[in-house]
Each structure stands twice: as structure tokens, then as C-alpha cells.
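Each protein sequence line maps, in turn, to chains A and B. Numbering-wise (my numbering), the first sequence opens with residue 397 and increments by one. Numbering-wise (my numbering), the second sequence opens with residue 397 and increments by one. Glycine included, each C-beta is placed from N, C-alpha and C at the ideal position. Nothing here was measured: the structure is a model prediction, and the numbers come from that model.
There are 2 protein chains.
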Amino acid sequence: MNKDPLFSLSEYQARLARTKEAMYRQGLEVLLVSDPANINYLSGYDGWSFYVHQGLLVLMDLEEPVWFGRMQDSNGARLTSWLQDQSIRGYQDHFVQSNLRHPMDFVASLLAELGADRRRLGVETDNYYFSGQCLKSLTQNLPQATILDANLLVNWVRLVKSPAEIGYMRQAARIVERVMAKAAESIRAGAREGDAAGETVKAQLSGTDEFTGDYASIMPIMPSGIRTSTAHLSWVDRRYETGDLVLLELAGNKHRYHAPLSRTLIIGQAPAALEEVAKGVIGGLEAVLDFIRPGVTGEEVEGRWRRAISGTKVVKESRMGYAFGLNYPPDWGEHTVSLRPGDKNVLEPGMTIHVMPGVWLDDFGFECSEPIVVTETGCECLASFPRELIRK
Amino acid sequence: MNKDPLFSLSEYQARLARTKEAMYRQGLEVLLVSDPANINYLSGYDGWSFYVHQGLLVLMDLEEPVWFGRMQDSNGARLTSWLQDQSIRGYQDHFVQSNLRHPMDFVASLLAELGADRRRLGVETDNYYFSGQCLKSLTQNLPQATILDANLLVNWVRLVKSPAEIGYMRQAARIVERVMAKAAESIRAGAREGDAAGETVKAQLSGTDEFTGDYASIMPIMPSGIRTSTAHLSWVDRRYETGDLVLLELAGNKHRYHAPLSRTLIIGQAPAALEEVAKGVIGGLEAVLDFIRPGVTGEEVEGRWRRAISGTKVVKESRMGYAFGLNYPPDWGEHTVSLRPGDKNVLEPGMTIHVMPGVWLDDFGFECSEPIVVTETGCECLASFPRELIRK
């Protein structure tokens, strides 16, 4: 059992209790947790082992979740989770990436051993780490179980953050302020994009004088030139030139908790069209930050944005924000609240949202975002960085 | 269409032709490719957009694959793939992470539009990016299709690398030599683990004087002390101390092609038990490197390792190597050949294997690995780095 956990045992137990309440409401007796962020949230387990099948089994009538994973990772569960030794179950290596056996065969046996192979079993159907084969294998191996959709069940439990979680996100925000400054400093005409990316990631891990950082779940998104016309490209092997526009979608991370932040940088003179879009986006962002408070819905926030940009040159079809926090690659979003039409979720204090009005037009893009926490009376920006087009 | 592709159009077309041959042998008329590495391999598409559902549809009777993904990423497909505009199909943002709609609803409509909704459709059942919900949704939306398992179909097509691919892997190997040297230089008593990790990742992206690097699919695995007793932990927020053992499992990457390399470092005096294990592992690794040649199987290679370590203090249950190459997070392995009992795959020139005899004992671990390419007469180590315990 980990002697130095990141959260108190009572916090982990409260998370588990809330998960069991949600399971009860959804009529589940057993939950298979595959999402590495949900595994971490409930058990503390942290390792880059999610490229093989692993998970937690939460049984309504068991005090602790049961961790399962590859045998060679089970010492990692002993070192990083609060679980006792009997709750850590490693599977043999011949289950790994084999076409003869599947780790879900092991999970089915484990459920039988726990007397839980005929229960109502919830699975995270749309998670990256719960494949079609996981569903097929469990369905075949557990003919007497009832397999039900429990996608995002734990994600919704995670939506309102505790003071301790917000504490780590504030540390991540201190890091991202330095990361953005280092990226802005490193990008200049003549510099190689890969060198600027290297300095940026180094700043993510070096953190501050008081604490170091952890890896963000998304590598720096920092396209230049025409590559800014789309949402998710990175650096390439070229040197920056005068006139280049660069998008910077970056994050700080502490103990897997993120603080994402986006800005846009221009080397040299900004074209008038860019200035106009920048003004429109920043104005819209600030209107939204003034508007967010407990009681408003995701779609009302998006409506405020839409009113603010009406009449400007800003065109945006995609959602303009989403819940973020604890996560592993490939995403730092939590897949719960989105700021977009149709989102009826009501904001509450302690929710953390990346207000991210990125626009990607035919020939260029512009991003300026803020990671916020909803407070009792409004919202607070976690990071402090000038909200403007960065000019070099 | 991308004017500056990483491979010639004829190379992409040869890949597609071999994929269609494999589809024909498996009785498939349509293939849904969800694995980002397979998407890249066939189309050139490269972006950090795999956190939303995306893919390629390969139809036996269509000359080009059809890319689908989020609308805001479709300019990325235009900029990075060789596909023509009519083969790039973006879906609306309301499909993203919604509980009302699923991107596979869009894919089902697209298949109907292409006249392919009643065909024999292969899917990558156990891929990270083909969830249980993808399988459920396609099954419901395509009642007249026959949905078949095509897991790893394209991965097996990728197994033997072309000279151009090996060229990028040689560049990645040049990078990882520098990365390992920088990690070894940065780790010393008193230094913060996060600072050493920062220098290490910076070296991955800065690359060499001639070319910069790309992100590896796994962040540096560099646990210290008791954390070396397990396979996949990273740095933590502490300072190294004299006596610390550090595992270093690192990679260079160029254009998504990896060169992984592992070494182990000790600060101060090595305990006798570590010296013995190091000697055993390095001896076993060298015996295996001498043994590998075209015609031997994965299990024969593992057998050679097992004979070499018999009588030493080395204990290892897990596989001792795997095919690697092109990949995206969360893995750089290709999930095809494994060096382990039962693996009957016959090695051929152009296959690339990470010979990775990591051992994780109760209280410490040791890693020393080599990325190799199988040649006409044996194998060649892609990277050149002293094969010994690094002493600081």
C-alpha cells in the first residue's frame, strides 16, 4: 500500500462512495473501470501501462476496488495506489497482445472468483481503453451477466473538483504560465520549430522552483503558417519565418491534473484580418468569462459567446469549451460538460472548464483560451497570462 | 492534397495494394481503419486528433481511401495526406463526445452513400481507437452488413519496413543516442527528477543539428529507487540521491517512426546483486543479437535468451521483445511479432524489433535494450550506445 498518497484515504473513500451511489442509481452491481483517469481517481494508480488492458473492478459489496493489470505492472499498483495487496491482481504475460488469449478472459475468471459473474456489470463502452474486443470477449465469457453501458459514470462523479484537486490544478496553472512564456520566447524568425517545441516541453516538466511538472496528456499543439487553419497539428522540421502565425495550445500538469492555455503568436506585422478575428475572439472570451456563474447551463454560456461575436468576422461551428482536469493521453478533456447548443448541464462551484474559443478559417486560425474554475459567485481564471495576440 | 508527402505516391499506393490483398484473403470488401498509425501509413494523415473518432474507409473498388474525422480537422487531412479533396469527409461538431449522437452514425451514413452498407466490413476490434461503442453502433446502424474482425490487418502489412521507413528510423536512432546521453548527463545526486525528464524530452524534440525530432508515443519511463521494481513508472517530484538506481526507457522519433532504447543508471556504488543481473541481462542480449537472422521464429529467439540466462540470477516471465516502428500514443510497439514462447512468426529482412530484456525484481529492476533491423544475414543495431550499466 502506497505510504505517501496524493490524496487522503478519506478522499479516495468518498470518491468510491459517490461512484457506488451512481452505480446504484443506474442499477449496476459491478463496474469495470477502464479509463486510466478513472482508475487513478478511485485508486491512485499511476503508470504508463494503459497501452495494455488493465482496470478496476468496483463491486457494490466489496470495500475496495480490485486492480487488475499485467503482472509486471502490479508492483506499480502496490507503489502508487492505496489498495491492499489482496486487491492487486496481475495477469500472466501471455495475455498481452496475443491472438490466442485476451485479458478480458482473465477478467471474466476474476469476476467468477469474486462471485460476480452473473451480476449487472457496467462497462465504459466508449472509452479509448475499452475496445470492441473487450465488449465481445466479456459478452462471450459472461453469458449469465447483464452487461450495461456505464460510459462516463466515473467522469460525471469527477465533475466537481475537491479543494485538494483544485490545489494541484493551481500548480499546473503556475507551470503553464511559464510554459507559454517559454514558447513565446523560443519562437522567432530563424529558430527551428522542433527547438521551440523542445524548450516548451522542457518547461512543462521542469515546472517552477518549488515543484516540477508531469507530462500533459496532449503534446504541444503549435502549428505555423497555413497549418494554423486546422485544429490539431504540431511543429514540423522547418525554421520560423517573418510573417508566420503560430497557434499555441499548451498545458501544465501536476499529478495528472491539467491547466490548458491557448494563445496565438505572430512574427512581424499582423494582417488586418487577423487583428479583427483576434479582437472578436478575445472580446467574446471576456464576455463569457463575465457571464459564467453557478446556475447557468453549458448552452447558455455558448449563447453568450454567439451573441458577443455576432457582427464580427469570427466564424465558429465547434463547441467553445469543455470540462477538463485529471487525464491521461490522448486527451485532457473529461468528456462531460461541453459549452455548445443542447448542453443542459448546470454549472456548479468547483467545476473546471477550458473556455476555448479556437477558430480555424480557410487560411489561418486564432486561439485564445482560459482554464477556469466556477466559484460561488462567478468564475476564476486559474492562469494569469496577457490575453492578447503575442507579437514578436 | 499534400504537396510535400513523406513518402512517394507510389509507396502509399503499394501499401494500399498490399492492404487490399490482405482484405481479399480475409474476405473483406470494406475496411474501417481506426488505428492512427494505420491511418498515417495508408494516407499520410498526421495530427493529434485521435482523441475523437476518425478513420479511413478502404473499399476494394475505390482507388483512394476515404478519410473521415471532425470537420475542424479536415484541413489537417488536406495538408498532410495524399488524398484528394473528395476523399476527405468531415463530420459536424455535434457528433463529438455527445450522448445523443455517435460518430459511427456518420460513418454508417457515409458507407450507405458509398453503396457499401451491405458489404463484408472489417473493423480493428482491439484497437484503442475502436471502442465497444463503435462496435455496438455499427452493428445497430448497419443491419445488412457483415461485421468481421480485421484487428491488426494493416499492422501485419506494416511489418516489413521499406528503405524509406528505415531511413526515418535511422534518424530516430541518431536522436535517441543523444537523448540517452542527455538523460545520463542530467541525472546526478541533488538534481530534480523533473528537470532531468525535461532535458530528456527537450533532446527528443531538438534532435540533431541536421534535423529536429517528433514526439515519442510513450513519455520517458525513468523511475528511480524502489520504483524500478515495476515496468512503467516515470519521474516524481524529488531529488536524486547517491545510491539511486534509475531505469531509462526512452525513444527518438522522426515522422512518427521510433527508435526505442533502454539503459540503467546507478548513482554511486552498484550493489553486487545489480552487477550480477546486469551481467546476465547484457550477456543474454548479446547472445540474442548474435542469433537473430532471417528464418528464425520469435519463439526461437526467446529460447536463445532463456538458454543464455539459465544459471544466472536473471528471472524474466514477460516477453523479451516486440516489433516496433510507426505509432501514436499510447504505444510504440506494433502488436505483431513478440519474442516469446508460442510466437511462430518467421523473421525476415526489413523487420524492426525492439529487443527488450527488461527485468523487474522485488526490489529493483534492470533494463538494457536495442532496436534492431533484420538484415539479409543477421541483424543490425540501429542505435550505437555503450551496452553497460551507466555509472555516475
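Asked	Found
Report the three-state DSSP secondary structure of SER470 of chain A (helix, strand or coil).	helix
Determine contact between the region 450 to 463 of chain A and the region 479 to 497 of chain A, defined as no fewer than three beta-carbon pairs at a distance below 8 Å.	yes
Should PRO619 of chain B and LEU629 of chain B be called a contact, given that it needs their Cβ atoms to be closer than 8 Å?	yes
From which residue to which residue does the alpha helix (DSSP H) around ARG414 of chain A run?	405 to 421
Spell out whether any CB of chain A is found under 8 Å from the CB atom of GLN493 of chain B.	yes
Based on Cα-Cα distance, which residue from A:ALA585, A:SER625, A:GLU696 lies nearest to ASN741 of chain A?	A:GLU696
Could you list which residues in chain D have their beta carbon closer than 9 Å to that of TRP463 of chain A, in chain order?	You won't find chain D in this structure, because its protein chains are A and B.
Straight-line CA distance for LEU402 of chain B to TYR408 of chain B?	10 Å
Run through DSSP, which three-state label would GLY761 of chain A get?	strand
By the 9 Å beta-carbon criterion, what residues does the region 601 to 621 of chain A contribute toward chain B?	LEU601, SER602, GLY603, PHE607, THR608, GLY609, ASP610, TYR611, SER613, ILE614, MET615, PRO616, ILE617, PRO619
Please list, in chain order, the chain B residues whose beta carbon lies closer than 8 Å to that of MET467 of chain A.	GLU713, SER714
Kindly indicate the opening and closing residues of the beta strand (DSSP E) around ARG485 of chain B.	484 to 487
In its own chain, which residues sit with a C-beta less than 6 Å from the C-beta of CYS775 of chain B, not counting the 5 before and 5 after it?	ILE688, ILE768
Quick one: is PHE403 of chain B near chain A, going by C-beta distance under 8 Å?	no
Under the three-state reduction of DSSP, which class applies to ARG635 of chain B: helix, strand or coil?	strand
Would you mind telling me which residues of chain A sit closer than 7 Å to TRP756 of chain B, beta carbon to beta carbon, in chain order?	GLN468, ASN471
Pull up the distance between the alpha-carbon of HIS750 of chain B and that of ALA779 of chain A, whole angstroms please.	41 Å
Following the continuous beta strand (DSSP E) through ASN649 of chain B, name the residue where it begins and the one where it ends.	641 to 650
With the cut-off set at 8 Å, would you say CYS764 of chain B and SER658 of chain B are in Cβ contact?	yes
Out of A:LYS788, A:ILE786, A:ASP739, which has the shortest C-alpha to C-alpha gap to ARG497 of chain B?	A:ASP739
Any idea what DSSP makes of ILE614 of chain A, helix, strand or coil?	coil
Run through DSSP, which three-state label would VAL755 of chain A get?	strand
Looking at the unbroken beta strand (DSSP E) that takes in TYR653 of chain A, where does it start and where does it end?	653 to 662
HIS498 of chain A by DSSP, collapsed to three states: which one?	coil
What in chain A is Cβ-close to LEU530 of chain B, meaning under 7 Å?	The sequence shown places Cys at residue 530 of chain B, rather than the Leu named in the question. Within chain A, the residues near CYS530 of chain B are GLY528.
Leaving out five residues on either side along the sequence, give the residues of the same chain with a beta carbon under 8 Å from the beta carbon of MET747 of chain A.	LEU555, VAL556, LYS557, ALA719, VAL733, VAL769, VAL770
Would you mind telling me which residues of chain A sit closer than 8 Å to VAL701 of chain B, beta carbon to beta carbon, in chain order?	For the record, residue 701 of chain B in the displayed sequence is Trp; it is not Val. Ordered by position in chain A, no residue passes the 8 Å Cβ test against TRP701 of chain B, which lies about 14 Å from the chain.
In terms of residues, what are the limits of the alpha helix (DSSP H) holding ASP431 of chain A?	Looking at the DSSP string, ASP431 of chain A is not in any alpha helix (DSSP H), and its letter there is neither H nor E.
By alpha-carbon positions, which one of B:TYR653, B:PRO726, B:ARG623 ends up nearest to TRP756 of chain B?	B:ARG623
List the residues that DSSP assigns as beta-bridge partners of PHE464 of chain B.	B:GLY451, B:ARG485
Which residues in the same chain have their Cβ closer than 7 Å to the Cβ of ALA546 of chain B, if we skip the five residues on either side of it in sequence?	GLN422, LEU424, LEU427, GLY518, VAL519, GLU520
Which stretch, first to last residue, makes up the alpha helix (DSSP H) that contains SER352 of chain A?	As displayed, chain A neither begins before 397 nor continues past 788, which places residue 352 of chain A out of reach and without an answer.
I need the DSSP call for GLY717 of chain B, collapsed to helix, strand or coil.	strand
Please compile the residues from chain B whose C-beta is within a distance smaller than 8 Å of the C-beta of LYS598 of chain A.	GLY594, GLU595, VAL597, LYS598
Could you tell me whether the Cβ of HIS731 of chain A comes closer than 8 Å to any Cβ of chain B?	yes
Where ILE562 of chain A and ILE571 of chain A are concerned, what is the direct C-alpha to C-alpha distance, given to the nearest angstrom?	14 Å
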